[in-house]
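Per the working numbering, residue 7 is the first one in the sequence shown, and the count goes up by one each step.
Below is one structure, written out as structure tokens; comments come after it.
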Amino acid sequence: MFELTAQSIDPAVLSARLARPDAGALVVFEGRVRNHHLGRPVTHLGYEAFDELARAEGDAIVAETERLHPGAHVLCVHRTGTLGIGDIAVWIGVASAHRDTGFAACRHVIEEIKRRLPIWKKEHHPDGAAEWVNCTVEPARSRPTAADDFHARQVALPEIGAAGQARLVAARVLIVGVGGLGCPAALYLAGAGIGRLTLVDGGRIERSNLHRQLLFTVAEIGAPKALAAAARLRLHAPALDVVAHETNLDARNARALVAGHDVVLDCTDNFASRFILHDACHALGVPLVSAAVHRFEGTLDVFRRGEGGCVHCLWPARRADELDGTGNCAAGPVFAPAVGVLGTLQASEALKLLLGLDADAARRTTLVNLLDNSFLTIARPARADCPVCGQPETAAPAFAADDAAALLDSETLAALDPAPRVVCLAEPNETPGATEAISPHDVARLRALAAEGPLALTCRSGVRSAALARLLRAEGLRNVYALARR
Ligand SMILES: [Zn+2]
7 MFELTAQSID
17 PAVLSARLAR
27 PDAGALVVFE
37 GRVRNHHLGR
47 PVTHLGYEAF
57 DELARAEGDA
67 IVAETERLHP
77 GAHVLCVHRT
87 GTLGIGDIAV
97 WIGVASAHRD
107 TGFAACRHVI
117 EEIKRRLPIW
127 KKEHHPDGAA
137 EWVNCTVEPA
147 RSRPTAADDF
157 HARQVALPEI
167 GAAGQARLVA
177 ARVLIVGVGG
187 LGCPAALYLA
197 GAGIGRLTLV
207 DGGRIERSNL
217 HRQLLFTVAE
227 IGAPKALAAA
237 ARLRLHAPAL
247 DVVAHETNLD
257 ARNARALVAG
267 HDVVLDCTDN
277 FASRFILHDA
287 CHALGVPLVS
297 AAVHRFEGTL
307 DVFRRGEGGC
317 VHCLWPARRA
327 DELDGTGNCA
337 AGPVFAPAVG
347 VLGTLQASEA
357 LKLLLGLDAD
367 AARRTTLVNL
377 LDNSFLTIAR
387 PARADCPVCG
397 QPETAAPAFA
407 ADDAAALLDS
417 ETLAALDPAP
427 RVVCLAEPNE
437 TPGATEAISP
447 HDVARLRALA
457 AEGPLALTCR
467 SGVRSAALAR
477 LLRAEGLRNV
487 YALARR
């Protein structure tokens, strides 16, 4: 139950209202008015609410909390009007059979009240000044920027930098399935600063999930997974915009769920969902990162329309219900670190897709075996007889169509106007010759040079320079060339 009151709060009266014979725990939080804020002394506060909106949102928060923490009975009372130092501004009580449930539910109500309740406070200072303060936004919780400490170690990577971080902040990622794969994937994406994560899962947390689904706790058994995961991720990355859909993906809702996202992660555990999600992503042209785990082994695929084979190329002429009888991990034995590794790889592939770091990601299947620590990468070409891909790919390397534009002989390069800057790709221990030398791993530097003007790459064999020219051109840097070797 949620209430607004202009009267002072009496904790004893409110505690008595939560007395229940089956409750072994009463967890209480009292938010009190303090005599300072952001270094300034405060004499008293005024709280003002949009009554109707605040009551509706407060009721929604309490109902959501009781679903998220089954067995919790919540009473939350928020003050309005003028409050003196030490007065109780918000009182939250949770009665429950066990203390874990009480603490977790109380914490959830506090976080959501701060984030969602339309209540404003006016701070009054000793000098007579007063100012409105938005209760929901505190300095430490504001959205991190590229210069923020939160992501400093990541922004320091030349492959990411401030521009890459801005791409991540602007990105919207859909995760279908918040289980063994979805939990680590969601945590790493949230930590990386993805702007919006959408979680889709109609399941509830079971005791047998907890050994591998590390977002959840014993206190949340029975709670909706999508909702619990969203709450946990908000604690991990306060700036994250996370949307939870308590539903399972099916043929009717797949396209609507996929639409509007930049990358989709398939973290489901059955072939039926895998095919439906793949086809929706294919139809809408949204890249899909798919993983599956069986015992100690896993497979990882990135699907992107027009590149490499699709899921029907991998599983030709097989129906999902037949496949689910073979490699399904929904109820099978699972080595927990295997889903941890594969889910983490999914997050990595999603981040690379958003950053444009791995041009060949959608042309291979990666097989991981944790029993012998083997990673095997095999090509995944489109099949000539695939009903979805239609036209088969030739055996030509990636970006073959662009080769003619990227690879120029020395005469054509010399004739370019303006003249290109010639850079030799060489490691420090190699002898570059007369031209300027840059490590082929310093892609960020090459990008920066390409942004300044035409860039011609050379290297000893011609292989690395051609590959990097293709990579940079695929990013849209069309004035990067490589010297063709004869
Ligand atoms: Zn195909």
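Quick reminder that beta carbons are idealized off the backbone N, C-alpha and C, glycines included.
Every value quoted in this text rests on a predicted model; they were computed, and no experiment measured them.
Each residue's CA atom was taken as its position, placing residue 272 and residue 230 some 19 Å apart.
Shown here, residue 47 sits in a strand according to DSSP, grouped into three states. With a cut-off of 8 Å on Cβ pairs, the region 383 to 390 is not in contact with the region 217 to 232, counting fewer than three such pairs.
In terms of Cβ geometry, residue 360 and residue 169 do not form a close pair [threshold 7 Å]. Counting along the chain, residue 242 sits inside no beta strand (DSSP E); it lies in the alpha helix (DSSP H) bounded by residues 231 to 242. Around ligand 1, the residues selected by a Cβ distance under 7 Å to any of its heavy atoms are 315, 316, 318, 319, 388, 389, 392, 394 and 395, following chain order. Closest option to residue 42, judged by alpha-carbon separation, among 36, 35, 305 and 51: 51. Straight-line spacing of the CA atoms in residue 69 and residue 7 works out to 8 Å.
A Cβ-Cβ distance of about 5 Å is found for the pair residue 429 and residue 444, placing them in contact under the 8 Å criterion.
Distance from the CA of residue 93 to the CA of residue 134, rounded to the nearest whole angstrom, comes to 20 Å.
Boundaries around residue 188 are those of the alpha helix (DSSP H), 188 to 198, since no beta strand (DSSP E) includes it.
Look at residue 461 here: in three-state DSSP terms it is strand.
DSSP, read as helix, strand or coil, puts residue 416 in helix.
Taken through DSSP and simplified to helix, strand or coil, residue 296 comes out as strand. Listed as beta-bridge partners of residue 210 by DSSP are 230. The C-beta of residue 418 has fewer than 16 other C-beta atoms within 10 Å across all chains shown, which makes the residue exposed. Take the alpha-carbon of residue 279 and the one of residue 67: they are about 31 Å apart. Taking every protein chain shown into account, the CB of residue 58 has fewer than 16 other CB atoms within 10 angstroms, so this residue is exposed. The alpha carbon of residue 190 has as its nearest neighbour, out of 351, 366, 49 and 453, the alpha carbon of 351. Following the DSSP letters along the chain, one finds residue 273 in no alpha helix (DSSP H), marked with neither H nor E.
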